[in-house]
Amino acid sequence: MPFITVGQENSTDIELYYEDHGTGRPVVLIHGFPLDGHSWEKQSAALLEAGYRVITYDRRGFGQSSQPTTGYDYDTFAADLNTLLETLDLHGVTLVGFSMGTGEVGRYLGTYGSARVAKAAFLASLEPFMLKTDDNPNGAAPIEFFQGISDT
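Per our numbering: the sequence shown = residues 480 to 631.
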């Protein structure tokens, strides 16, 4: 299967390996850590049998995709997903994220909107870092709040 170029690092292309099967309504399956697109094997088979077009890919740093030294943040993961959707010209897509992949779905929708997306599914989602700290000033509450919850 093919690769999509999502950027460069030191003049070397950063490529994502992907698989695209079927002809129905598109479903993009986004794996978690430390998996790759093959982790969706059983779900892909069921979705294909149900008539969907199924796209899986190895996120940067995983599986057969490039392993650059930078770009392991949700803004970059969401940009990679956007490049995949644009390159494959996908519309009316269902995004399905698992574990760490749910952060990518959320960041994609927050950054790029839902013009290409019909549905989103968050499986075993990762919640945002809620603790307000010097390096996370947008956190919901200081440590005392969470200590109060655990003390109750």
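C-beta: ideal position from N, C-alpha, C; glycine also. Computed from a predicted structure; not experimentally measured.
Residues of its chain near residue i, where Cβ-Cβ distance is below 6 Å and the 5 sequence neighbours each way are ignored
i, result
"Glu512", "One point to set straight first is that residue 512 is Phe, not Glu, in the sequence displayed. Here the set comprises Met579."
Same chain, Cβ closer than 7 Å to residue i, five either side skipped, listed in chain order
i, result
"Ile483", "Glu494, Leu495, Tyr497, Thr562, Leu563, Thr566"
"Glu518", "Checking the sequence, you will find Ser at residue 518 rather than Glu. Excluding positions up to five away in sequence, the list reads His510."
"Ser544", "Glu494, Leu495, Tyr496, Asp537, Arg538"
"Gly530", "Gly503"
"Ser604", "Thr581"
Where residue i falls: helix, strand or coil (DSSP)
i, result
"Gln487", "strand"
"Asn617", "coil"
"Thr555", "helix"
"Ala632", "Residue 632 falls outside the range modelled here, since the chain spans only 480 to 631, and no answer is possible."
"His500", "strand"
"Leu605", "coil"
"Leu514", "coil"
"Leu564", "helix"
First and last residue of the uninterrupted beta strand (DSSP E) at residue i
i, result
"Arg532", "532 to 536"
"Gly576", "572 to 577"
"Phe601", "596 to 602"
"Leu508", "505 to 509"
Delimiting residues of the alpha helix (DSSP H) encompassing residue i
i, result
"Ser629", "622 to 630"
Counting Cβ pairs, one atom from each stretch, are 3 or more of them under 8 Å apart for the stretch 602 to 621 and the stretch 586 to 594?
Cβ pair count under 8 Å is below three, so no.
The stretch 523 to 537 / the stretch 546 to 558 touching (three or more Cβ pairs under 8 Å):
Verdict: no, contact absent.
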